[in-house]
Ligand code: G1P
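Residue numbers (the numbering used here): 24 to 336.
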């Protein structure tokens, strides 16, 4: 039996590549890993952990880099902080801090050199149990909303076996930022068969407008493909190229075309949108933010806004 036969196992391990330098977010990321930047009050890495748990996983393999130990620290118990909050009667804050303790078994995997997303994923092989025939990758830069996409992808794997990826349809001019799928219809709504995949092609070479976002449900066979994958775009080992190799060798790959929202937390513009989106839905901050935003946009429309903030450079 090959690992893609439908002996469909439950998902246990989610791999989170978190070794990047966060260059688009400097200088903030000089000392604070971008995975710890909060969306309202919850760091991106915790959102990912909660999404992973909801999808049934109990292990988070965090691919981390030297100097990024704070990401792992978020899952540690801080007894001193808890005792202080307790003695001051800060029950709500204590509840939030305790909510992270033991949330999921977070395992650090160090990537010493930035050799690419495919290389980062390949390092997680040792974390998987011998009997795990699939695992997930969740890129912490990508917030895919509403939550729950991995559960839908698991349903697709149950039916078709193999590997299942999450896709969005983007305007043609944006495809060069992504892994792009060559697809054909599967006969099922929102599901397409993948005939090929190419990393960040020129717009004129892109096989479609369906692009990979940060949710992958990968068959274990990907580790073997990664071992045979040569450096590609940017001189890095690309997960896209390993998946393309698997497709060419007959491995079934499908995409779930997600019709929700995606926020790119890895750049300030996308991050701010995510914060506004989450804050608007928050009972404490939402109503006040909505009133302020409406007023603020009206000022812009009226051109009555004093330009610039006067922030010293
Ligand atoms: C990575 C992948 C790319 C994918 C993207 C989704 O690129 O290489 O195929 O479409 O994530 O966010 P990155 O954004 O890390 O350059």
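Glycine is no exception: its CB is placed at the ideal position from the N, C-alpha and C atoms.
In this text the structure is predicted, and so the values were computed from the model without any measurement.
Same chain, Cβ closer than 7 angstroms to residue i, five either side skipped, listed in chain order
{"i": "residue 138", "result": "259 and 260"}
{"i": "residue 324", "result": "none"}
{"i": "residue 26", "result": "Low local confidence applies: a pLDDT of 44 at residue 26 is under 50, so the model's placement there is unreliable, and no value is given."}
Of the listed residues the options, nearest to residue i (C-alpha basis)
{"i": "residue 237", "options": "92, 336, 202 and 194", "result": "202"}
{"i": "residue 295", "options": "93, 38 and 164", "result": "164"}
{"i": "residue 214", "options": "246, 279, 205 and 256", "result": "279"}
{"i": "residue 252", "options": "140, 70 and 188", "result": "140"}
{"i": "residue 159", "options": "310, 318, 287 and 75", "result": "75"}
{"i": "residue 224", "options": "249, 256 and 241", "result": "256"}
{"i": "residue 73", "options": "105, 124 and 208", "result": "124"}
{"i": "residue 39", "options": "240, 114, 183 and 210", "result": "240"}
{"i": "residue 152", "options": "84, 297 and 305", "result": "84"}
{"i": "residue 78", "options": "43, 170 and 209", "result": "170"}
Neighbourhood of residue i by C-beta, 8 angstroms cutoff - its chain only, sequence neighbours within 5 removed
{"i": "residue 155", "result": "32, 35, 36 and 243"}
{"i": "residue 267", "result": "219, 220 and 221"}
{"i": "residue 270", "result": "217, 218, 219, 220 and 276"}
{"i": "residue 112", "result": "none"}
{"i": "residue 15", "result": "What the structure shows of the chain is the stretch from 24 to 336, and residue 15 is not part of that stretch, so it cannot be assessed."}
{"i": "residue 100", "result": "124 and 125"}
{"i": "residue 89", "result": "133 and 135"}
{"i": "residue 66", "result": "58, 59, 60 and 97"}
Contact belief for residue i with residue j at Cβ below 8 angstroms, rounded distance in angstroms
{"i": "residue 87", "j": "residue 41", "result": "6 angstroms"}
{"i": "residue 193", "j": "residue 276", "result": "With 8 angstroms as the limit, residue 193 and residue 276 do not qualify as a contact, their Cβ atoms being about 19 angstroms apart."}
{"i": "residue 189", "j": "residue 172", "result": "5 angstroms"}
{"i": "residue 204", "j": "residue 231", "result": "6 angstroms"}
{"i": "residue 301", "j": "residue 62", "result": "5 angstroms"}
{"i": "residue 161", "j": "residue 71", "result": "5 angstroms"}
{"i": "residue 229", "j": "residue 263", "result": "The Cβ separation is near 13 angstroms, so there is no contact."}
{"i": "residue 200", "j": "residue 47", "result": "Residue 200 to residue 47, Cβ: 12 angstroms. No contact."}
{"i": "residue 91", "j": "residue 50", "result": "Actually they are not in contact, since the Cβ atoms of residue 91 and residue 50 sit about 16 angstroms apart, beyond 8 angstroms."}
Cβ-Cβ distance between residue i and residue j below 7 angstroms
{"i": "residue 127", "j": "residue 150", "result": "no"}
{"i": "residue 226", "j": "residue 198", "result": "yes"}
{"i": "residue 281", "j": "residue 185", "result": "no"}
{"i": "residue 249", "j": "residue 265", "result": "yes"}
{"i": "residue 148", "j": "residue 94", "result": "no"}
{"i": "residue 168", "j": "residue 283", "result": "yes"}
Contact test: residue i Cβ vs the ligand FMN heavy atom, cutoff 6 angstroms
{"i": "residue 239", "result": "Among the ligands in the structure shown, the ligand FMN does not appear; only the ligand G1P can be found there."}
Subject >> Continuous beta strand (DSSP E) assignments of at least 3 residues falling wholly in the region 252–299 >> reply: 276–280 and 284–287
Original post:
Considering only residues of the region 304–328, which uninterrupted alpha helix (DSSP H) runs meet the minimum length of 4 residues and lie entirely inside it, listed in chain order?
Top reply: 309–324
**OP:** With a floor of 4 residues, list each alpha helix (DSSP H) that falls wholly inside the region 104–188, ordered by position along the chain.
**Re:** 114–121, 140–145 and 172–183
Subject >> Segments of 3+ residues assigned as beta strand (DSSP E) that fall wholly inside the region 24–96 >> reply: 36–40 and 82–87
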